[in-house]
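Since the structure comes first, as structure tokens, the remarks are kept for the end.
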Amino acid sequence: MKFGEVFMQYLNDEKEGFLNNSSHVEYKRLKKVLKGCRALKDGCSNSADEAEDGQISSEICKCEACPVCEQKFVSELMKEASDIASFFSLSVKHLHALHTGQGVFRYLSHHVCFRSDQKNIVHMGQSLIEYVTMNTTAMRKILKKYDKVHGSVYSGKFMSMMQTKHIELLHSPWLIELGAFLINCNKEVNGTCLNYRGPLSIDLDSDEPVISMILPDSSVKLDYTLTCPICLDLLFNPYALSCGHLFCKSCACSSASVMIFEGLDSATPQSKCPVCREAGVFAKSIQMVELEMLLRKRLKNKKCWRERVAAERAEIVKQSKQYWSLQTKYMVGYS
27 MKFGEVFMQY LNDEKEGFLN NSSHVEYKRL KKVLKGCRAL KDGCSNSADE AEDGQISSEI
87 CKCEACPVCE QKFVSELMKE ASDIASFFSL SVKHLHALHT GQGVFRYLSH HVCFRSDQKN
147 IVHMGQSLIE YVTMNTTAMR KILKKYDKVH GSVYSGKFMS MMQTKHIELL HSPWLIELGA
207 FLINCNKEVN GTCLNYRGPL SIDLDSDEPV ISMILPDSSV KLDYTLTCPI CLDLLFNPYA
267 LSCGHLFCKS CACSSASVMI FEGLDSATPQ SKCPVCREAG VFAKSIQMVE LEMLLRKRLK
327 NKKCWRERVA AERAEIVKQS KQYWSLQTKY MVGYS
């Protein structure tokens, strides 16, 4: 079965599922746009007029930037990618609140009446994984079709644009959080096993600890490293900057020249990511709570983990004393 048919079947199934109001790639419509995009050798500008008259040349357009597709294809696909990324992050945040939330969410998650719904929560997480893989595959296939029609290599440029705008799903820290969430839910509830058997897995025993994801359509394996690029050790109390790069909280705070207890949101707008050097990425950082839970559960009994917990607590106490000592001297000096 062709991917277009598989994708349409997936969308039809989701109309009755958890993601019935989700954004998605308009694969069928965009494919029709490409089928109608043929141009003459002397440029794409004439092809638009001939397309309206129904006189479509059989020759493939050789222009990488086609004005016809710029309006009907590229801009629409970019908007769809943005909507998909927004829907995905909000959905993972919702699951995040149900699983690790405070107050009412925490009460409900431990209430007997709510435990029967844990299977549904896991199923929602699995549906989101399928949502990512299906829409990512649809986007890559339609971009490949674009390159074939126009004789270009525009797909690579488009993917780079999505990464720059932080809307490329396979580079989203929320995907790592979702994977950690599903692995954290790998337990029994009321005697029912909720083991997650999907494209995501974690390996903390290798030289390079990773969370891995396998794309079902191509068996391509993607590895998301769990090593902090600053201390070169396993992530501890991990945070993701808005650019998508992961760091230990203490390392990120040190890079932004703020104290640990102040938090990353106190960093200046001029502070840059130590990896990509993008400015203003600390204010909207994401605390990777699910990933932290996963690492803590796997490593809490190991000596190295306990030592890191003690070291960070000691550093926070040290920084707090220094901070309040300076504040006291400042106040006394001007009293």
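The numbering of the sequence shown is my numbering, which starts it at 27 and goes up by one.
Heads up, the beta-carbon is just placed ideally off N, CA and C, and yes, glycines get one too.
The model shown is predicted, which means the values in this text are computed figures rather than measured ones.
- In the three-state DSSP reduction, residue 35 falls in the helix class (H, G or I).
- Contact check for residue 250 against residue 311 fails: the beta carbons are separated by 7 Å or more.
- In the displayed model, residue 305 falls within a strand according to three-state DSSP.
- Taken through DSSP and simplified to helix, strand or coil, residue 239 comes out as strand.
- Residue 277: member of the alpha helix (DSSP H) spanning 275 to 281, first to last residue.
- Annotated as distal: residue 53 and residue 193, with beta-carbon spacing of 7 Å or more.
- In the structure shown, the three-state DSSP call for residue 291 is helix.
- Taking the Cα positions, residue 160 is about 37 Å away from residue 296.
- The criterion of a C-beta distance shorter than 7 Å is satisfied by residue 286 and residue 342.
- CA-CA distance, residue 318 to residue 262, rounds to 7 Å.
- According to the DSSP assignment, residue 202 belongs to the alpha helix (DSSP H) that extends over 199 to 210.
- Residue nearest to residue 33 within the set 158, 330, 275 and 233 is 158 (criterion: CA-CA distance).
- Separation of the CB atoms of residue 172 and residue 99 is rounded to 7 Å, and the pair is thereby assigned contact status at 8 Å.
- As DSSP reads the structure, residue 247 sits in a beta bridge with 240.
- Between the alpha carbons of residue 200 and residue 276 lies a distance of about 21 Å.
- Residue state for residue 228 is assigned as strand, using DSSP reduced to three classes.
- Going by DSSP, residue 255 is part of no beta strand (DSSP E) at all; its letter is neither H nor E.
- Within 10 angstroms of the beta-carbon of residue 334 lie 16 or more other beta-carbons, which makes it buried.
- Secondary structure at residue 272: strand, using DSSP grouped into helix, strand and coil.
- In chain order, 268, 290, 291, 293 and 295 place their CB closer than 8 Å to the CB of residue 309, counting only its own chain and leaving out the 5 sequence neighbours on each side.
- With a 10 Å radius around the Cβ and a threshold of 16 neighbouring Cβ atoms, residue 115 comes out buried.
- By the Cβ-count criterion, residue 106 is buried, with 16 or more other Cβ atoms from all chains shown falling within 10 Å of its own Cβ.
- With respect to residue 196, residue 162 sits close: the two C-beta atoms are nearer than 7 Å.
- In terms of Cβ geometry, residue 271 and residue 301 form a close pair [threshold 7 Å].
- Spanning the alpha carbons of residue 179 and residue 108 requires a straight line of approximately 22 Å.
- Boundaries of the alpha helix (DSSP H) around residue 149: 144 to 176.
- Here the alpha carbon of residue 232 sits roughly 28 Å from the alpha carbon of residue 189.
- Per DSSP, the unbroken beta strand (DSSP E) holding residue 264 starts and ends at 264 to 266.
- Under the three-state reduction of DSSP, residue 193 is assigned to coil, being neither helix nor strand.
- DSSP places residue 310 in the coil class of the three-state scheme, outside both helix and strand.
- For residue 316, the uninterrupted alpha helix (DSSP H) run begins and ends at 315 to 325, by DSSP.
- Burial of residue 203 is indicated by the presence of at least 16 other C-beta atoms within 10 angstroms of its C-beta.
- For residue 284, there is no enclosing alpha helix (DSSP H), as DSSP gives it neither H nor E.
- Residue 298 has 305 as its beta-bridge partners, per DSSP.
- In the structure shown, residue 95 adopts helical secondary structure according to DSSP, grouped into three states.
- The residue from 187, 95, 347 and 320 with its alpha-carbon nearest to that of residue 176 is 95.
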